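Q:
In our numbering, the protein residues as written are -1 to 522.
Rendered as structure tokens:
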């Protein structure tokens, strides 16, 4: 039996699975519809946006994002996006955001559209326009979930991409995941009815997890680990934890010369190339206590106090050909003189590699109102600050090397390159039980990050407003069904868009297609 997940209120590192079947603090338990039947209230029919062929618009919107990319890199990225619909979906967050906000797709899962007239947590005040806004990743598809080792020493599972992160309606993340579920589940052979069961498990567990955080602050440190996960996810995280080879990144990326000095290896395997002397000088000038150092966290878990000796840059290289959504952006690796004992890797000497990546405007900038654009400009000096702030707000035991720099008037995010970075093979989720089990845990991860990323304070935190808005069974069912239907319909839109773009690429670059295996190679 697949029951909903419940997080223990007394411990911070408790197995999610051991607490299934516990009652919600609000009305009743959540039951997946393939186990229990209950008379439900019918809400108004929803009909706003529907799938339609729009080839010219899709091509124009997709290509506009890459007009600045050199021709050869642009060709490769376009070919990468035509591997299959799943890869295309990963590469088109900008299209999804426009559809969600401006083209009516997001309207179909708004509470008032569904017929849910929610009040704020006080029980008397109507929800405000931004009551259900929180930090979202903005690109929450299944391929953006993975495993890494956090600063607490745990191998954890969650979202590891913050390029599109924003303070916005939580439904952006929920629907983006739901569409990704539809796409991957159908690819893996599940029927339409089974896909709906998976989506119901996801939406039910998402709401329950948010509600169960009310009255505590457990969301600040809870993570899915080998100890708190189940099924294929538990096996996957255990394998990642036990695979010591994942720590040997310095053996791949660096070497030591005859004088004992470590430097980067520049070859096809590392995808590292030499940086011009002019650019190297600009990068070094940016990594000082008054520039990069000023953007570092000044307090918190394992925060590094600045010393010129520790943060001395030993070597710089450019990284090429990485990322599906960010393919072709300027990216550099920096080797620091200081060491990091948290890597627990004496073989590599614990040296630190910083990943420095250009952060273009997020997809959210296309859809902000003039009022919200002004608000964002006050909140964030640039898009790198936005992405780094998102990582700090959405993760626990955050990387203390997170920061940002501006080089040639372009903002760059700075993070430590994690030697523990791995993605689950989604093709292995080939049966209903394993897919439901996995998606319940994706729901826990997503809900936890949304609660953790609340912008408003008590008593109007994000978790309070969700508890008020979706605390009743009939409302949860109505909202979940809306998400199911819109995700199903939007998958059809993705398939139409993919066909359009593939035809465009076939005509522009005949006989240039990549095999699916290249996608994994380009995602690191």
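Glycine included, each C-beta is placed from N, C-alpha and C at the ideal position. In this text, all values refer to a predicted model and were calculated from it rather than measured experimentally.
(1) Between the alpha carbons of residue 503 and residue 77, how many angstroms are there, rounded?
(2) Where does the unbroken alpha helix (DSSP H) through residue 547 begin, and where does it stop?
(3) Specify the secondary structure class of residue 527 as computed by DSSP and reduced to three states.
(4) Kindly indicate the opening and closing residues of the beta strand (DSSP E) around residue 351.
(5) As an exercise, report each continuous alpha helix (DSSP H) stretch of at least 4 residues that is fully enclosed by the region 429 to 479, in chain order.
(6) Could you pull out every unbroken alpha helix (DSSP H) segment of at least 4 residues lying fully inside the region 239 to 284, listed in chain order?
(7) Quick check on the DSSP output: the beta strand (DSSP E) that includes residue 389 runs from which residue to which?
(8) Which value, in whole angstroms, describes the spacing of the CA atoms of residue 114 and residue 127?
(9) Near residue 159, which residues of its chain fall below 7 Å by C-beta distance, leaving aside the five closest residues on each side in sequence?
(10) Counting Cβ pairs, one atom from each stretch, are 3 or more of them under 8 Å apart for the region 247 to 254 and the region 348 to 355?
(11) Beta-carbon separation of residue 494 and residue 401 under 7 Å?
(12) Do the region 379 to 397 and the region 179 to 190 meet, that is, are 3 or more Cβ pairs less than 8 Å apart?
(13) Could you compute how far the alpha carbon of residue 26 sits from the alpha carbon of residue 459?
(14) Is the distance from the Cβ of residue 148 to the Cβ of residue 482 below 7 Å?
(15) Could you compute how far the alpha carbon of residue 492 sits from the alpha carbon of residue 289?
(16) Counting pairs of Cβ atoms below 8 Å between the region 326 to 340 and the region 363 to 377, do you hit three or more?
(17) Is DSSP giving residue 97 helix, strand or coil here?
(18) Alpha helix (DSSP H) containing residue 74: first to last residue?
(19) Given residue 91, which residues of its chain have a CB within under 7 Å of its CB, disregarding the five upstream and five downstream residues?
(20) Are the CB atoms of residue 391 and residue 131 within a distance shorter than 7 Å?
(21) Put residue 333 into one of helix, strand or coil per three-state DSSP.
(22) Can you give me the start and stop residues for the beta strand (DSSP E) that residue 123 sits inside?
(23) Starting from the Cα of residue 535, find the closest Cα among 434, 486, 305, 474 and give me that residue.
(24) State the start and end residues of the unbroken alpha helix (DSSP H) segment that holds residue 377.
(25) For the putative contact between residue 230 and residue 432, defined by C-beta atoms under 8 Å, what is the C-beta separation to the nearest angstrom?
(26) Using the rule of at least 16 other Cβ atoms within 10 Å of the residue's Cβ for burial, across every protein chain shown, is residue 129 buried or exposed?
(27) For the beta strand (DSSP E) holding residue 143, just list the boundary residues, first then last.
(28) Does the contact criterion of 3 or more C-beta pairs under 8 Å hold for the region 445 to 458 versus the region 277 to 284?
(29) Residue range of the beta strand (DSSP E) that residue 410 falls in?
(30) Per the DSSP calculation, residue 131 is bridged to which residue(s)?
(31) Identify, in the order they occur along the chain, each residue of the same chain with its Cβ nearer than 8 Å to the Cβ of residue 50, setting aside the five sequence neighbours on each side.
(32) Could you give the distance in angstroms between the alpha-carbon of residue 439 and the alpha-carbon of residue 222?
A: Taking the geometry as given:
(1) Position 505 of the chain shown holds residue 503. Position 79 of the chain shown holds residue 77. Approximately 7 Å between the Cα atoms of the pair.
(2) Examination of residue 547 is not possible in this model, given that the chain is present from -1 through 522 alone.
(3) The chain is shown from -1 up to 522; residue 527 falls before or after that span and cannot be answered.
(4) For this step, residue 351 is matched to residue 353 along the chain shown. Residue 351 -> beta strand (DSSP E) spans 349 to 356.
(5) 430 to 450, 460 to 467
(6) 247 to 251, 275 to 284
(7) Locating residue 389 in the chain shown gives position 391, counting from the first residue. Residue 389 -> not in any beta strand (DSSP E); alpha helix (DSSP H) instead, spanning 381 to 392.
(8) Reading the chain shown from its first residue, position 116 is the one you call residue 114. Reading the chain shown from its first residue, position 129 is the one you call residue 127. Computed Cα separation, rounded: 14 Å.
(9) Here residue 159 refers to the residue found at position 161 when the chain shown is read from its first residue. Only 135, 137, 142 meet the Cβ criterion.
(10) yes
(11) Counting from one through the chain shown, the residue named residue 494 turns up at place 496. Counting from one through the chain shown, the residue named residue 401 turns up at place 403. The criterion of a C-beta distance shorter than 7 Å is not satisfied by residue 494 and residue 401.
(12) no
(13) For the purposes of this step, residue 26 is identified with residue 28 of the chain shown, where counting begins at 1. For the purposes of this step, residue 459 is identified with residue 461 of the chain shown, where counting begins at 1. Model confidence at residue 26 stands at a pLDDT of 36, short of 50, so the residue's coordinates are unreliable; what they give is reported in the following sentence. Answer to the nearest angstrom: the Cα atoms are 22 Å apart.
(14) Locating residue 148 in the chain shown gives position 150, where the first residue counts as 1. Locating residue 482 in the chain shown gives position 484, where the first residue counts as 1. Contact: no.
(15) By one-based count along the chain shown, residue 492 stands at place 494. By one-based count along the chain shown, residue 289 stands at place 291. Residue 492 and residue 289: Cα-Cα distance of roughly 42 Å.
(16) no
(17) Position 99 of the chain shown, counted from the start, is the residue given in the question as residue 97. Looking at residue 97 - three-state DSSP - the assignment turns out to be helix.
(18) Stepping through the chain shown from its first residue, residue 74 is reached at position 76. 69 to 79 is the extent of the alpha helix (DSSP H) around residue 74.
(19) As a first step, residue 91 must be located in the chain shown, where it is residue number 93. Hits under 7 Å: 136, 137, 162, 323, 361.
(20) Numbered from its first residue, the chain shown carries residue 131 at position 133. Numbered from its first residue, the chain shown carries residue 391 at position 393. Here residue 131 is not near residue 391, since their CB atoms are 7 Å or more apart.
(21) Here residue 333 is taken as the residue at index 335 of the chain shown, counted from 1. Residue 333 falls in the strand class under three-state DSSP.
(22) On the chain shown, position 125 is the one that residue 123 refers to. Where residue 123 is concerned, there is no enclosing beta strand (DSSP E), given that its DSSP letter is neither H nor E.
(23) Past the edges of the chain, shown from -1 to 522, lies residue 535, and the structure says nothing about it.
(24) Within the chain shown, residue 377 is the residue found at index 379, counting from 1. Start and end: 368 to 377.
(25) Residue numbering aside, residue 230 sits at position 232 when the chain shown is read from its first letter. Residue numbering aside, residue 432 sits at position 434 when the chain shown is read from its first letter. At roughly 5 Å, the Cβ-Cβ gap stays under 8 Å, so residue 230 and residue 432 are in contact.
(26) Against the chain shown, residue 129 aligns to sequence position 131. With 16 or more Cβ atoms within 10 Å of its Cβ, residue 129 is classed as buried.
(27) Reading the chain shown from its first residue, position 145 is the one you call residue 143. Where residue 143 is concerned, the enclosing beta strand (DSSP E) stretches over 143 to 147.
(28) no
(29) Position 412 of the chain shown holds residue 410. Segment 408 to 414, the beta strand (DSSP E) holding residue 410.
(30) In the chain shown, the residue the question calls residue 131 occupies position 133. Looking at the DSSP assignment, residue 131 forms a beta bridge with 167.
(31) Position 52 of the chain shown, counted from the first residue, corresponds to residue 50. Only 491, 494 meet the Cβ criterion.
(32) Stepping through the chain shown from its first residue, residue 439 is reached at position 441. Stepping through the chain shown from its first residue, residue 222 is reached at position 224. About 8 Å.
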